[in-house]
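S.K.:
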């Protein structure tokens, strides 16, 4: 009996069954290897996963800090303009005083 590469017509029934079982075993091993690889990918993805609630909490905390900084900057700006107004008012008062003395004295 000759053996062909495809074990088809010239093989006995037990050889065909053994060959089919071997092929099925190889396919099953290949599918298991693919499933294991995919499982590894999913585990790696889950390791990097961050829950949405945690992200939203960090975003809210960041927004609060930004709002506090903006509020402080607004207060500093208001104080700066008050100081500039006071300086200009004092200078204007001094200039008005000089003119008043010149007019009255002169």
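In this note's numbering, the protein residues as written are 15 to 120. No residue lacks a Cβ here, since even glycine has one placed at the ideal position from N, Cα and C. All values derive from a computational prediction rather than experimental measurement.
1. Any idea what DSSP makes of residue 110, helix, strand or coil?
2. Run through DSSP, which three-state label would residue 64 get?
3. Can you check the region 27-107 for any alpha helix (DSSP H) of at least 4 residues that lies completely inside it and give the ranges in chain order?
4. For residue 57, which residues in the same chain have their Cβ closer than 7 Å to its Cβ, ignoring the five residues on either side in sequence?
M.R.: For this structure:
1. helix
2. coil
3. 27-62
4. Contacts found: none.
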